[in-house]
Structures are given as structure tokens and as C-alpha cells.
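Novice: Residue numbers for the sequence shown follow this note's numbering, so the first one is 1 and each next one is one higher. Note that beta-carbon positions come from the ideal geometry of N, C-alpha and C, so glycine has one too.
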Amino acid sequence: MIWVNPFNEFEKRLSMNTEANLKENVLHDITHWGLRASIGVIFIVHSLKKFDPSWQEWLTSIGIPPEMQLPIALAEFIGGIMLIAGILTRVTGSIFAVILLGAIFHIRWENGFFVSKGGWEWDLVMLAVVLAIIVAGPGRISISHLVKRIPRFLQ
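1) Using only the alpha-carbon positions, how far apart do T89 and I99 sit?
2) Alpha carbon to alpha carbon, how far is Q155 from V135?
3) Nearest by alpha-carbon distance to W55: which of A73, F77, V45, R149 is it?
4) Would you give the residue range spanned by the alpha helix (DSSP H) that W122 belongs to?
5) Cα separation between P151 and H145?
6) Leaving out five residues before and five after A37 in sequence, what residues of the same chain have Cβ atoms less than 6 Å from its Cβ?
7) So A97 packs on V130, CB below 8 Å; how close in whole Å?
8) Rounded to the nearest angstrom, what separates L27 and G63 at their Cα positions?
9) Taking F96 as part of the alpha helix (DSSP H), name the residues at either end of that continuous run.
10) Identify whether P53 lies in helix, strand or coil by the three-state DSSP scheme.
11) Spatial neighbours of R140 within its chain, please: C-beta separation below 6 Å, excluding the five flanking residues on both sides.
12) With DSSP run on the structure shown, which of helix, strand or coil describes R140?
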């Protein structure tokens, strides 16, 4: 009589069930697009106030040249649209990461962590989502996925 180790069978079943197949999961695709869309909408809405000429005064009050108004506003507006559509998501995410790091360290750092006191906690959450988008890429619900001619590092 040959003894069969019951733990071997358990390990086989366990190893088969732990494999995550995220590429074929529709819920994953929708969630990934939802993250991209929410960050995109936030940047679009915040960019609209930056087209107002009075925003130049605020820029100079924090030590940023007023000539940066239009580039910042356009980067946030066009980047938000591109993020929602899934075009150049890694490039857009990288630009948004730089903007968020600037917001955290240059604008909000002295106010402390809590957003209720003008702090940087919400910017940190947005930065975490942007970094996840950079790592994950555009996802299957994107123009980049449909076109399939854009190099992977630009997607």
C-alpha cells in the first residue's frame, strides 16, 4: 500500500486557484477605466479655473512665473481628456505625477497632512492612483488598446 500525502493534493488545488487572470476580467477593465476617468475628470475640472487670468496672481504669490499659467492649464485639461480616452496614459500619468508632487511639496506641505487644514492627503491619494495608472498602462478600455500601433512605453 502506498501512502498518499493529503497535503500534496491540497497544494495542487491551492496553486491552481491562486492564479489571478486580470487581463480577461471585465470588472478589472471597468475598474481600471474608472480610475483613469476619475483622475481625468478631476484634472479637467481643476484646469478650468486655471484658464482665468486672475490665476496668474496666485501663481506669482507662490513663486511660480505667471507664464506657466497656460502650460499648466493645458497640461491638466488635455491630459485629463487623454487619460479618459486612454491615449498616452503613461506619459500623461507621468506629467500628472510631477504636477501632484509639486502640489504636495511646493504648495501644501507646510499645511500638514490633513486636507481639512489645506494639507496634502488628497494629493497623495491622487498620486497613488496616477502611479498605478503608469504601471498598469491604458488597459483594454482605451483607444491605445484598439489602435495597437502605439509603442508600449508610450501607451
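Specialist: Considering the structure as presented:
1) Roughly 15 Å separates the two Cα atoms.
2) Approximately 11 Å between the Cα atoms of the pair.
3) For the residues A73, F77, V45, R149, the minimum Cα distance to W55 belongs to A73.
4) Secondary structure note for W122: its alpha helix (DSSP H) is the uninterrupted segment 121 to 136.
5) Their backbone Cα atoms lie some 11 Å apart in a straight line.
6) Excluding residues within five positions, the ones whose Cβ falls inside 6 Å are I84.
7) Yes, they are in contact, since the Cβ atoms of A97 and V130 sit about 5 Å apart, within 8 Å.
8) Distance between the alpha carbons of L27 and G63: 44 Å.
9) Run containing F96: 89 to 102, per the alpha helix (DSSP H) assignment.
10) Collapsing the DSSP output to three states places P53 in coil.
11) Apart from the 5 residues on each side of it in sequence, R140 sits with its Cβ closer than 6 Å to the Cβ of D29 in its chain, given in chain order.
12) Three-state result, R140: coil.
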